[in-house]
Each structure stands twice: as structure tokens, then as C-alpha cells.
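The numbering of the sequence shown is our numbering, which starts it at 1453 and goes up by one.
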Amino acid sequence: MKVLFSFLAVILIILVATMGAFITNLHYVFGIIIPYLAFAMFVGGFIYRVIKWGRSPVPFRIPTTIGQQKSLPWIKQNKIENPTSAFGVIVRMAMEVLFFRSLFRNTKTELREGQNGPELAYGSAKWLWLGSLFFHWSFLIIIVRHLRFFLEPIPFAIQALESVDGILQIGLPAIYLTDAFILVAITYLFLRRIVVPQVRYISLPADFFPLFMIMSIAISGILMRYFYKVDLVAVKQLAIGLATFQPVLPPGIGPMFYIHIFLVSVLFAYFPTSKLMHMGGIFMSPTRNMISNNRMVRHINPWNPEVKVHTYEQYEDEFRAKMKKAGIPVEKE
1453 MKVLFSFLAV ILIILVATMG AFITNLHYVF GIIIPYLAFA MFVGGFIYRV IKWGRSPVPF
1513 RIPTTIGQQK SLPWIKQNKI ENPTSAFGVI VRMAMEVLFF RSLFRNTKTE LREGQNGPEL
1573 AYGSAKWLWL GSLFFHWSFL IIIVRHLRFF LEPIPFAIQA LESVDGILQI GLPAIYLTDA
1633 FILVAITYLF LRRIVVPQVR YISLPADFFP LFMIMSIAIS GILMRYFYKV DLVAVKQLAI
1693 GLATFQPVLP PGIGPMFYIH IFLVSVLFAY FPTSKLMHMG GIFMSPTRNM ISNNRMVRHI
1753 NPWNPEVKVH TYEQYEDEFR AKMKKAGIPV EKE
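Here is the structure:
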């Protein structure tokens, strides 16, 4: 039911996009107004969530560590997994953001039947790490490749990236590797939520909806590139107009483009309210962005209010007579 609900929601969005694509009078709305609104919601929502997280008090040092902390001189410290310097934290965050270091060490637990009854079995879960790595890197490269529509002249770095991505040229236009990688990766992540009982149990519509949205965006982009041709010159003219806040709507772009850009706009608008915000949240995580120097520096909670203390001595001085009368022992006679 959770899968069906998310799937039907995406189908409804695609139907709305198709309606706007084939009604000429709505092209200005779908090609200019909606992308601007989506971008404003994305930027505004992203900043709001980051500021809200940044203002949350973190009175304790709570970095997660799996390596040896800095202690005695003759004990070797793990400077990445248990950093005591800002540089170590930067390296640790870079390894987490770029290569999913913690996910690489992830293990799966299963209850299997052993000789003496049920036993817990632990195994590697590298497929999840590999699928996530392929998905995120392909997504990033595709976004960077699309910058060629917004920049003139196109920077050499983007041209080089596009050449490497299309190195396996089979016919024209060249087939991008990331187009295939992202479809395979997103399919794996979806099937994992369906096939694995534990993951299926904890999955919500909010987990399936982004998968279906990204899949529909990828498929519409592939259809637009290889099957339903669009006027790339007109697309670039529209993109540069949007980027420079001088929007123009060239005629004859093609219906598939409006479907694609509407799906992208919906994903952008939905992004700040979804679990996709882990893109910004990873940098705000106190378990990752803190220096582990609890034993080296005393950390005092800056939010601690001043509390009026009533010591036991003061309490006894105040109630000594009544305590003696009640037979309660006192320290001072």
C-alpha cells in the first residue's frame, strides 16, 4: 500500500506534466514560473532547515568514534576515526561525504538455524554501499553535466567530464555511462526496500516517493535525449534566460522537455521537506562534525542556567530541631 500510494502520486504528477506539455498556453507556466517557484522553495527551505539545525543546542561532545583516542604517547591514535584536530574532522567528513565510509563498514544481521537452535549471523552489506555510491555519484555528475545549458562558453572542466562520461560512444548521440548507472542503482535501492523484509517493514511512502520521482526524471531525460528529440539550442536559450533572470520562451522546444522540467521542479520543491535533506544534514551532524577531545579539554554547557543551590548543611540548619524531634539523625547536634 505504501508503494502504491507513492507510485500513484508520481503518476498523477506525470499526468499533470503531460497536460502542461501539450497545452501551448501553459508552456510559460511550466517552463518559467514553476521552475522559479521550485528554485525559491528549494533555496528557502534548504536555508531554513540548515539554520534550524544550526541553532539546536549541542551541550555535549558526542562524536561517534571507532578508533583509538589520543591518550598515552606510546599508544597510536586513529586520527581520522577519532580526530582531535579540525583537520582530522575535515578529512573524516570528506571520507563520509565522498565515499560513504561509515556505510562501507555496515553489516547485516540474520537469524539462522544452527546446530543448537537459532543463531545470529553477521555478514557484509557491501552491495548497499556500492549501490548508494553509484547512485549519488551518478546523480552528481548528471547535475554537473547539465551546467552546460546554463553557461556560455562552457567551461573546459564540464566538457572534459562530459567526454569521460560518454567515452563508450555507441552511435549518436553518445550514451552516457551515468544514465545507465543511475537507472541500475535506483532500481537496486527500490528492490531492496521491496525484497528485504526488515527494510520493507520500516519503509514509508516518504521513502518510496523520492525513488519514483528520481526514476521518472531519469527516464524522461533518457527519452528526451535518445528518442523524443528536443531543440537543444532553444533549451539552452531558455536555461540561460532563467539563470540570468531574463526569461524567454523559445517556440518548438518539444513536449518531453516540459514534462522533464516539471518533474525536476517538483523534486526541487519537495527536497527541503524530505529525507533528501541528508545532503545538508550530514554537515550539521554533531556525531560527525565534532572534535573528539573530551579527555583533553573540559567542556562546560554554555546553556546551563544559574541555579540557586540549597545544600544539605543549609537544609539541616533550617530543620534541625524538627529532625531531632522526629528522630532523624543529624550531623551537628
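Beta carbons: idealized from backbone N, C-alpha and C, even for Gly.
Keep in mind the model is a prediction, meaning the values are calculated, not measured.
**Item:** Inside the stretch 1696-1753 only - alpha helix (DSSP H) runs reaching at least 4 residues
**Value:** The alpha helix (DSSP H) runs lying completely inside the stretch 1696-1753 and spanning 4 residues or more are 1707-1722 and 1730-1733, given in chain order.
**Message:** Would you call the stretch 1710-1722 in contact with the stretch 1644-1658, where contact means no fewer than 3 C-beta pairs closer than 8 Å?
**Reply:** Result no; under three Cβ-Cβ pairs closer than 8 Å.
**Message:** Quick test of your reading: Ile-1638 and Leu-1663, contact by CB under 8 Å. State the CB separation rounded to the nearest angstrom.
**Reply:** That belief holds up - the Cβ atoms of Ile-1638 and Leu-1663 are roughly 6 Å apart, short of 8 Å.
**Own chain residues within Cβ distance below 8 Å of Phe-1459, not counting five before or after** = Within the same chain, Phe-1660 and Phe-1664 come within 8 Å of Phe-1459 by CB-CB distance, once the 5 residues on both sides are set aside.
**Closest Cα partner of Phe-1591 within the set Arg-1564, Val-1636 and Ile-1475** = Answer by Cα proximity: Val-1636.
**Prompt:** Would Tyr-1500 be called buried (16 or more neighbouring beta carbons within 10 Å of its own) or exposed?
**Reply:** When all chains shown are included, Tyr-1500 counts as exposed.
**Message:** Cutting at 8 Å between CB atoms, please list the residues of its own chain near Arg-1652, excluding the five before and the five after it.
**Reply:** Once the five neighbours on either side are set aside, the close Cβ partners of Arg-1652 are Arg-1645 and Ile-1646.
**Residue from Ala-1773, Leu-1582, Pro-1702 and His-1751 whose Cα sits closest to the Cα of Phe-1551** = Among Ala-1773, Leu-1582, Pro-1702 and His-1751, the Cα nearest to that of Phe-1551 belongs to Leu-1582.
**Asked** If you drop the 5 nearest sequence neighbours on each side, which residues of the same chain put their C-beta closer than 7 Å to that of Val-1700?
**Response** The answer, listed in chain order, is Gln-1689, Leu-1690 and Gly-1693.
**Asked** Helix, strand or coil for Ser-1554 per DSSP?
**Response** Here Ser-1554 carries a helix assignment [DSSP, helix/strand/coil].
**Asked** For Thr-1516, which of helix, strand or coil comes out of DSSP?
**Response** Judged by DSSP in its simplified three-state form, Thr-1516 adopts coil rather than helix or strand.
**Asked** In the structure shown, what three-state DSSP assignment does Pro-1662 receive?
**Response** Looking at Pro-1662 - three-state DSSP - the assignment turns out to be helix.
**Cβ-based neighbour list, Arg-1677, same chain, cut-off 7 Å, excluding 5 preceding and 5 following** = For Arg-1677, where only same-chain residues beyond five positions count, the Cβ hits under 7 Å are Pro-1625.
**Prompt:** Could you check where the alpha helix (DSSP H) with Glu-1765 kicks off and where it finishes?
**Reply:** Its alpha helix (DSSP H) spans residues 1764-1777.
**Asked** Ser-1576 lies in the beta strand (DSSP E); which residues open and close that run?
**Response** For Ser-1576, the enclosing beta strand (DSSP E) starts and ends at 1569-1576.
**Own chain residues within Cβ distance below 8 Å of Arg-1597, not counting five before or after** = Sequence-distant partners of Arg-1597 (beyond 5 residues in either direction) whose C-beta falls short of 8 Å from its own C-beta, in its chain, are Ile-1610, Leu-1613, Glu-1614, Asp-1617, Tyr-1628 and Thr-1630.
**Request:** Check whether the Cβ atoms of Asn-1741 and Thr-1536 sit closer than 7 Å, and answer yes or no.
**Result:** Going by C-beta atoms, Asn-1741 is not nearer than 7 Å to Thr-1536.
**Asked** What residues in its chain sit with their C-beta under 7 Å from that of Ala-1461, if we drop five residues either side in the sequence?
**Response** Counting only Cβ-Cβ distances below 7 Å, and skipping sequence neighbours, we find Phe-1661.
**Prompt:** Considering only the beta carbon of each residue, do Thr-1516 and Thr-1739 sit closer than 7 Å?
**Reply:** Yes. Within cutoff.
**Prompt:** Taking just the CA atoms, how far does Gly-1497 sit from Thr-1725?
**Reply:** The alpha-carbon atoms of Thr-1725 and Gly-1497 are separated by roughly 7 Å.
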